[in-house]
Each structure stands twice: as C-alpha cells, then as structure tokens.
Amino acid sequence: MDFDYIQYCQYLISSHQNYTITDFANNLEKISHDTINRYLPKVS
Numbered sequence: 152m153d154f155d156y157i158q159y160c161q162y163l164i165s166s167h168q169n170y171t172i173t174d175f176a177n178n179l180e181k182i183s184h185d186t187i188n189r190y191l192p193k194v195s
C-alpha cells in the first residue's frame with residue numbers, strides 16, 4: 152500500500168476546503184478512493 156494513516160492525517164491538516172477521500176485519492180497516484188475507504192476503518 153502506498154499510503155498510511157499518517158499521510159491521511161497530514162492531508163486533513165493541510166486541506167482547508169475539501170476533506171473527502173476522493174480528493175485525497177486524486178492527490179495520490181495509483182490509489183483509488185475505494186482502497187482508502189476500506190483501509191481507514193481498520194486503523195481507527
């Protein structure tokens with residue numbers, strides 16, 4: 152996996168308007184929002 156929970160937290164801190172998983176996935180290469188969506192519940 153090319154991202155982790157820390158990376159997602161940093162995205163939330165730095166993003167001032169759009170907090171969606173889809174927007175986060177658009178900022179990463181080769182990662183879909185479905186992959187992120189399935190990953191996040193496992194780490195919380």
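Quick note on this note's numbering: the sequence shown kicks off at 152 and runs consecutively. The beta carbon of each residue, even a glycine, is placed where N, CA and C say it ideally should be.
Using the Cα positions of residue i and residue j, report the straight-line distance between them to the nearest angstrom.
i	j	result
Y156	I187	10 Å
T171	N177	10 Å
R189	S166	21 Å
Q168	L179	17 Å
D174	I164	14 Å
Please confirm whether residue i and residue j have their CB atoms less than 9 Å apart.
i	j	result
K181	D153	yes
Y162	L191	no
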